[in-house]
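J.:
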Amino acid sequence: MGSKLNNKFQKFIFILDAVRKDHVSLYGYDRKTTPYIDKFAKNADIYQWAIAPAPYTLASVPSILSGKYPHEMSNKFTSGKFEAHDFKKIDNLRKKGVNAAFFTANIVTSSKNTNLNESFDYFYDENPDANINEAYLYQSASKVMEAVYDFVKRNKNRDFIAFVHLMEAHGPYVPDMQVIFNDDLLFKQDKRKISRVINDALTGVNAEDLVDQIAVPRYQLLETVEGPDGLEDFERSINYYIAKYDTGINYLDSQLGLFFDYLKKLGIYNASEIVITSDHGEFLGEENIYFSHGIMPHPAVALVPLIHKKPFQDKSKLMENSVSVKDFINYLDDGVWPETAGRVYSIHPKSFGFTSKQKYFLVHNGDLHHSETYKECLFPTKNFDIGEIYTNFEELNINIKEYVFSKGEVNFQKIISNKENGELIKAYLTLQRMNYTYIKDRAKWEIMKSEKVQDELRSVVSDSQKQLQLLSNQIKDLRKERASLKNRIRAFEQSKTFTYWRLYCKLRDRIWKK
Amino acid sequence: MTLKQKIKRAEKVIQESASKWKPEEIAIAWTGGKDSTVILDMARRVFGNKIPFRVMFNDSTLEFDEIYEFVKKYKREWDLDLLWIKHLDQDLAAYQKSQDQDEQMEIMRIAKINAINFSIEEYNLKAFLSGIRKDEHEARADETYFSKRSTHMRVHPILDFTINDIWKYIKEYNVPYVDLYDKGYKSLGEKPFTSPVDDPDAPERAGRDATKEKVMKRLRKLGYW
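So the protein lines, in turn, are chains A and B.
My numbering numbers the first residue of the first sequence as 32 and each following residue consecutively.
My numbering numbers the first residue of the second sequence as 942 and each following residue consecutively.
(1) I want to see whether chain A comes within less than 8 Å of Asn1055(B), judged by CB atoms only; does it?
(2) Would a check of beta-carbon distances place His1097(B) closer than 8 Å to chain A?
(3) Since Trp1108(B) is in the alpha helix (DSSP H), which residue starts that stretch and which ends it?
(4) Counting contacts by CB-CB distance shorter than 8 Å, is Leu253(A) in contact with chain B?
(5) Helix, strand or coil: how does DSSP classify Leu217(A) here?
(6) Evaluate Ala522(A) with the Cβ neighbour count: other Cβ atoms within 10 Å of its Cβ, from every protein chain shown; 16 or more gives buried, anything less gives exposed.
(7) What residue does the alpha helix (DSSP H) around Asp365(A) start on, and which one ends it?
(8) Kindly indicate which three-state DSSP category Leu393(A) falls into: helix, strand or coil?
(9) Any idea if Asp1139(B) is buried or exposed, counting beta-carbon neighbours within 10 angstroms, 16 or more meaning buried?
(10) Going by beta carbon distance, what residues of the same chain come within less than 8 Å of Lys112(A), once the five residues before and after it are set aside?
(11) Suppose contacts are defined by Cβ-Cβ distances below 8 Å. Is Asn303(A) in contact with Gln79(A) by that definition?
(12) Report yes or no: do three or more beta-carbon pairs, one from the stretch 353 to 365 of chain A and one from the stretch 88 to 101 of chain A, lie closer than 8 Å?
(13) Tell me, please, which residues DSSP counts as bridged to Pro248(A).
(14) Thinking just about the alpha-carbon of each residue, which of Asn504(A), Val55(A), Lys381(A) is nearest to the one in Gly279(A)?
(15) Using 8 Å as the threshold, is the stretch 150 to 157 of chain A in touch with the stretch 115 to 126 of chain A, meaning 3 or more CB pairs across them?
(16) Compare the Cα-Cα distances from Asp207(A) to each of Lys222(A), Asp284(A), Lys275(A) and report the closest residue.
(17) Pair every Cβ in the stretch 257 to 274 of chain A with every Cβ in the stretch 1049 to 1065 of chain B, then say whether three or more of these pairs are closer than 8 Å.
(18) Could you tell me the distance, in whole angstroms, from the CA atom of Thr386(A) to the CA atom of Pro328(A)?
(19) As a quick exercise: from Thr1103(B), Pro1133(B), Asp1142(B), pick the residue whose alpha carbon is nearest that of Thr1002(B).
(20) Residues in the stretch 1019 to 1038 of chain B with C-beta within 7 Å of chain A's C-beta atoms, listed in sequence order?
(21) Taking Glu1044(B) as the query, report the chain A residues whose CB atoms sit under 8 Å from its CB, ordered along the chain.
(22) Within a Cβ cutoff of 8 Å, which residues of the same chain sit near Ile7(A), ignoring the five residues on either side of it in sequence?
(23) Based on the DSSP output, what are the partners of Arg1095(B) in its beta bridges?
(24) Buried or exposed: Ala72(A), going by 16 or more other Cβ atoms within 10 Å of its Cβ?
(25) In whole angstroms, what separates the C-alpha of Lys953(B) from that of Lys52(A)?
(26) Given this structure, state the Cα-to-Cα distance separating Val1119(B) from Lys1014(B), to the nearest angstrom.
(27) Name, going along the chain, the residues of the stretch 1000 to 1020 of chain B whose beta-carbon falls closer than 9 Å to a beta-carbon of chain A.
(28) Cβ closer than 8 Å: which chain B residues qualify as neighbours of Pro380(A)?
(29) Measuring only between beta-carbons, confirm whether Phe424(A) sits less than 8 Å from chain B.
(30) Within 8 Å of any Cβ in chain B, is that where the Cβ of Gly261(A) sits?
(31) Starting from Val332(A), trace the alpha helix (DSSP H) in both directions and tell me its first and last residue.
(32) Does the contact criterion of 3 or more C-beta pairs under 8 Å hold for the stretch 283 to 292 of chain A versus the stretch 313 to 321 of chain A?
(33) Between which two residues does the alpha helix (DSSP H) holding Gln1037(B) run?
(34) Taking all protein chains shown into account, do 16 or more other C-beta atoms lie within 10 angstroms of the C-beta of Pro1137(B), making it buried, or fewer, making it exposed?
(35) What is the C-beta distance between Ala1035(B) and Thr308(A), in whole angstroms, given that I count them as a contact (C-beta under 8 Å)?
(36) Kindly indicate which three-state DSSP category Asn164(A) falls into: helix, strand or coil?
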């Protein structure tokens, strides 16, 4: 174990690409996806309101490395070419003798696609030359971690900062890995099937199309059969894809667990400062968008895990304040996360989301979204065309800061000053927390009340005495939970809030239909 | 295997299909090209000129005019139970919106599987006969005559035919074909993505654009990952 005499500057920032906060078991996910992170968090600060600076990698990761929002950087979102001054913070550390390293499994942040390598002393970016859906499109975490182990071994007596960018939660979801989490209620209850394949850049795809479809981008498809004229078959079950996504997260977690053991063996774990976070999340059906990101900073994509272990931290602390993931590098300057006046952003060339008093607002193409409940959207979204966004900005040389914020702000004001919309938003904000609890309870109740649950439990156990006892206990627990849920739902439905909630739903439906 | 044996084998596969599924559950995928037209001809011979199965033409709206004329003509002459399946309007709208040829090709390839899936569900199809051949593409090397898919069975009667076998069959049985083949086209895809080939020894799919790697490059450029 490490000793307090070790006062080296040794920092690790793990960026787990595409991991959304609510699929990390530490944050309450029903699947035990991250046992090692959960354990790690017992001696760390756990941030409830960590916001990714952008909803896609090419904007988000450089932002995390620089401490600036994407629009504050020299290239304004549009390419992988950066100026040296973008990474001044890292440069300052290097000038102080800190060895700066970046390890990436992602081709997007590699030297093939960016000049990020120029800002680091050590840069690992060995990527496989893979074709879409034929193998992994990225380097495996185990391979990248080998390089990290080697780096740590060589530098254990030096000051260093190491950014490690890993990819197994990114689509296509671990195509060569055996799926786990495919035998639980979440899996069994989800009967949704893919009904349409769409192009990867979502060109020409809009919200209206998606209302009656479950559409998935081509590159995400698993178990594909290909012919010379294109795709012939693929796995259609949504539950399979989500279980695979969770499998990827679980694999990353196991890699971190092994690495922490290694640091302990070297005696530098306690003294190390370690951050685990993500560059963005992933749509898993929110707004009828499946297995994609980069479209807009929706809460499913903007809210990410952030767990921060300081040197020799021996307690867990829940952090309720909003922070931007990009600010860790700024935090290193003065030891506290920068004051953000409770408001941090996730930014996209056409939209921005921001936190305010533990709520998250999103303005996209003039539509206002609001949610910590993920599935809520106050107004329907139009135009998911990712390619168009980049083309416009590159060709038109638009000032993104002015365009995104000014236009967004004007739209936001317009929306809230409309009387009917204003009422809707007010009703929503008032009801939000109760509504969320109710929806969650209600959804769970639908599952619990189903007799199928018990049938399925019966089907998975054989008739040995021990297993029968186990089954009987499980049924007892289920009955208890059912009773409690029933009471909570009844209490809510008898409350004044429920009346307001129904009014809110009516108002919302009316506005949507216009 | 001689051509005669291959033909016998193909006919047996068609007959086996008829015994495994009801006629209305079977569709022959007809592109208007030489291979699928050979299957139609075989089926006509097997069943005495009247094919009991459905015949599905997947209309991308971008086919050659000659293909449309050919399909219409032989639908009438052969009295085919033709399912004319146009690509989904949403896919065609996405195609129109895209400004990038690689992306347009990607959209069209996707549109094809969407249309097939739609038809399988809509018409409750259980088997789908298609004219794929092992020598056409390396992806076909491990294919079998009956190949299970998640929602249906793919049946490949002419899997062992070579391109020479196809042309020999066409000549021997006097099978009609689109005259584009006489104008240098080796394989027929959508009009914007298919061109004639000067070199008679060029591979069969030489005139067909390939998209995979280009799509990948575009995704990387977008930084979508």
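Heads up, the beta-carbon is just placed ideally off N, CA and C, and yes, glycines get one too.
T.: From the atom records:
(1) Taking the second sequence and counting its residues from 1, one reaches residue 1055(B) at position 114. Among the CB atoms of chain A, one or more fall inside 8 Å of the CB of Asn1055(B).
(2) Stepping through the second sequence from its first residue, residue 1097(B) is reached at position 156. Interface flag for His1097(B) against chain A is unset, since no Cβ pair is found closer than 8 Å.
(3) Here residue 1108(B) refers to the residue found at position 167 of the second sequence. Residues 1104 to 1113.
(4) In the first sequence, residue 253(A) corresponds to position 222, counting from 1. For Leu253(A), the answer is no, since every Cβ of chain B falls outside 8 Å of its Cβ.
(5) Indexing the first sequence from 1 puts residue 217(A) at position 186. When DSSP states are grouped into helix, strand and coil, Leu217(A) belongs to the helix group.
(6) Indexing the first sequence from 1 puts residue 522(A) at position 491. Exposed, by the Cβ-count rule.
(7) As a first step, residue 365(A) must be located in the first sequence, where it is residue number 334. Its alpha helix (DSSP H) spans residues 359 to 365.
(8) Within the first sequence, numbered from 1, the residue matching residue 393(A) stands at position 362. Of the three classes helix, strand and coil, the one that applies to Leu393(A) here is strand, per DSSP.
(9) For the purposes of this step, residue 1139(B) is taken as the residue at position 198 of the second sequence. Per the 10 Å Cβ criterion, exposed.
(10) Position 81 of the first sequence, counting from 1, holds the residue named residue 112(A). Excluding sequence neighbours, Lys112(A) sits near Asn106, Thr145, Asn146.
(11) Working through the first sequence from its first residue, we reach residue 303(A) at position 272. Working through the first sequence from its first residue, we reach residue 79(A) at position 48. The sequence given here places Ser at residue 303(A); Asn does not occur at that position. Cβ atoms of Ser303(A) and Gln79(A): not closer than 8 Å.
(12) Segments in contact, yes.
(13) The count along the first sequence starts at 1 and reaches residue 248(A) at position 217. Pro248(A) is bridged by DSSP to Ile229(A).
(14) Counting from one through the first sequence, the residue named residue 279(A) turns up at place 248. Checking every option, the nearest Cα to that of Gly279(A) belongs to Val55(A).
(15) Cβ pair count under 8 Å is three or more, so yes.
(16) Walking along the first sequence from the start, residue 207(A) turns up at place 176. Checked all of Lys222(A), Asp284(A), Lys275(A); the closest Cα to Asp207(A) is Lys275(A).
(17) Contact between the stretch 257 to 274 of chain A and the stretch 1049 to 1065 of chain B is present, with at least three C-beta pairs closer than 8 Å.
(18) Within the first sequence, residue 386(A) is the residue found at index 355, counting from 1. Within the first sequence, residue 328(A) is the residue found at index 297, counting from 1. Between Thr386(A) and Pro328(A), the C-alpha separation is close to 12 Å.
(19) Counted from its first residue, the second sequence places residue 1002(B) at position 61. From the listed residues Thr1103(B), Pro1133(B), Asp1142(B), the smallest Cα separation to Thr1002(B) is found for Pro1133(B).
(20) Residues passing the 7 Å Cβ filter: Gln1031, Ala1034, Ala1035, Lys1038.
(21) Position 103 of the second sequence, counting from 1, holds the residue named residue 1044(B). Under the 8 Å cutoff, chain A gives Asn230, Ala232, Thr234, Gly418.
(22) Residue 7(A) is absent from the structure shown; chain A starts at 32 and stops at 545.
(23) By one-based count along the second sequence, residue 1095(B) stands at place 154. Assignment of beta-bridge partners to Arg1095(B) by DSSP yields Phe1069(B), Ser1088(B).
(24) To locate residue 72(A), count along the first sequence from 1; it is residue 41. Label assigned to Ala72(A): buried.
(25) Residue 953(B) sits at position 12 when you count from the first residue of the second sequence. Residue 52(A) sits at position 21 when you count from the first residue of the first sequence. One C-alpha to the other measures close to 56 Å.
(26) Numbered from 1 along the second sequence, position 178 holds the residue referred to as residue 1119(B). Numbered from 1 along the second sequence, position 73 holds the residue referred to as residue 1014(B). So the alpha carbons of these two residues sit roughly 11 Å apart.
(27) Going along the stretch 1000 to 1020 of chain B in chain order, one finds no residue with a Cβ nearer than 9 Å to chain A.
(28) In the first sequence, residue 380(A) corresponds to position 349, counting from 1. None at all; the shortest Cβ gap to chain B is about 11 Å.
(29) Here residue 424(A) is taken as the residue at index 393 of the first sequence, counted from 1. Unreliable placement is indicated for Phe424(A), whose pLDDT of 49 sits below 50; the coordinate value is still reported in the next sentence. No, Phe424(A) lies away from the interface with chain B (no Cβ there is under 8 Å from its Cβ).
(30) Residue mapping note: residue 261(A) aligns to position 230 of the first sequence, counting from 1. Taking 8 Å as the threshold, the shortest C-beta distance from Gly261(A) to chain B falls below it.
(31) The residue you call residue 332(A) lines up with position 301 of the first sequence. For Val332(A), the uninterrupted alpha helix (DSSP H) run begins and ends at 330 to 333, by DSSP.
(32) Fewer than three Cβ pairs drawn from the stretch 283 to 292 of chain A and the stretch 313 to 321 of chain A lie within less than 8 Å of each other, which leaves the two stretches out of contact.
(33) Position 96 of the second sequence, counted from the first residue, corresponds to residue 1037(B). First-last of the alpha helix (DSSP H) with Gln1037(B): 1030 to 1038.
(34) For the purposes of this step, residue 1137(B) is taken as residue 196 along the second sequence, with counting starting at 1. It is exposed - the Cβ of Pro1137(B) has fewer than 16 other Cβ atoms within 10 Å.
(35) Residue mapping note: residue 1035(B) aligns to position 94 of the second sequence, counting from 1. Residue mapping note: residue 308(A) aligns to position 277 of the first sequence, counting from 1. About 35 Å; that fails the 8 Å criterion.
(36) Taking the first sequence and counting its residues from 1, one reaches residue 164(A) at position 133. Because Asn164(A) carries a pLDDT of 37, less than 50, the predicted location of this residue cannot be relied on, and the following value inherits that uncertainty. Here Asn164(A) sits in coil by DSSP.
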